[in-house]
Amino acid sequence: MTMSSFIHLWIIFRNDYPPAPILTTRLQIVDKLDSYWNDVYVRPYIRCGPFVTGVVVGFLLVYLTRHQKQNVLKIPKKWVVLGWSMSSILGLYSIFGLFNYARTGYISQWWKVLYVLIGRHSYALAVGWVTFACATQNGGPIGTFLSWKFFMPLSKITFCAYLLHPILLQIYNLSRPQPFHFTTLFQMLRHTFEAIVVSYLMAFFFALAFEKPFTVFDEMLVPVKSRATPTKKTLELKTQTEEAEPLRS
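According to our numbering, the residues represented by the sequence shown are 840 to 1088, in order.
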């Protein structure tokens, strides 16, 4: 992750690229967005940091699942508060860290360095903590809300919606006879709501046509083994033995 961040920083400053592929009031950066896409955005050694974060969180959750009877990890309250505080700060920074840059087109060198180094990782760490905390019963009201059954069907098609939504937005924007100008908050909210609804509707059909058949086919090729482990079996036998003791006496 450290090497990825510094390689990212070196490429950005060597080519005088913007800190992120977003449009600003300075239209000069438009000429560099295509090069940014090829040199930075799609490169695996740049994108690997958040991926590694997800792998680590997944490994920890699998480890807890296999070595504990329930997915409950007792963390001192002060560390839980610290985790949620840092997660909130990192998440907000990754989203709003370039707010002033998007409005003015200017950014100081030290702020650019900071965002290039940790901008991607901060969002992954924030999401990673939310996932880990909620999965280990440390989510509190946030975990309760995210466990709402309403989200279950949506979670099955979210990945397809993620893949489809930029294509649908491009089709919509490029099919307009004139440029699209955001002027009011209501206009932005309406456009966002329309994009979400259409993306999930299309994702439903694409998931049925492509994702789900391949998921079933993959499970047929590689059957999911029983999640029971020696540790769990030992705990179950111990519990059964303890329950049988009063009967014997």
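We put the beta carbon where it would ideally sit given N, CA and C, even for glycine. Keep in mind it's a predicted model, so treat the numbers as computed, not measured.
Chain-order list of residues whose beta-carbon lies under 6 Å from that of residue i (same chain, five-residue window excluded)
i	result
Ser961	Leu929, Tyr932 and Ser933
Lys951	Pro858
Gly982	Cys973
Val919	Asn977
Ile914	Asn977
Ala965	Ser926, Leu929 and Gly930
N-terminal and C-terminal residue of the alpha helix (DSSP H) that residue i is part of
i	result
Phe1043	Leu1024 to Phe1045
Leu931	Lys916 to Phe935
Phe989	Phe989 -> no alpha helix (DSSP H), and no H or E assigned at all.
Asp873	Val869 to Tyr875
Secondary structure of residue i, DSSP reduced to three states
i	result
Trp968	helix
Pro1005	helix
Arg905	helix
Asp855	coil
Gln976	coil
Thr997	helix
Leu1018	A quick correction: the sequence has Pro, not Leu, at residue 1018. Note: Pro1018 maps to coil in three-state DSSP.
Ile861	coil
Pro961	Note that residue 961 corresponds to Ser in the displayed sequence, not to Pro. In this structure, Ser961 counts as helix in the three-state DSSP scheme.
Ser947	coil
Met1059	helix
Met912	Sequence inspection shows Leu at residue 912; the Met mentioned does not correspond to that position. Correct three-state label for Leu912: coil.
Arg886	helix
Val955	helix
Met842	helix
Val895	helix
Residues of its chain near residue i, where Cβ-Cβ distance is below 7 Å and the 5 sequence neighbours each way are ignored
i	result
Ala1042	Ile996, Cys999, Ala1000 and Leu1003
Ser1038	Ala1000, Leu1003, His1004 and Leu1007
Ala941	Ile861 and Thr863
Tyr880	Pro860
Leu953	none
Phe1019	Asn1012
Val1061	none
Beta-carbon contacts of residue i that lie in its chain and below 8 Å, excluding the five residues immediately before and after
i	result
Ser1065	For Ser1065, the predicted structure reports a pLDDT of 47, less than 50, and the residue's modelled location is therefore unreliable. A value from the coordinates is still provided. Excluding sequence neighbours, Ser1065 sits near nothing in its chain.
Trp968	Gly922, Trp923, Met925 and Ser926
Phe1025	none
Thr892	Met840, His960, Ala963, Leu964 and Gly967
Heavy atom of the ligand SAH within 6 Å of residue i beta-carbon
i	result
Phe989	Within the structure as shown, the ligand SAH is missing, as the structure has no ligands at all.
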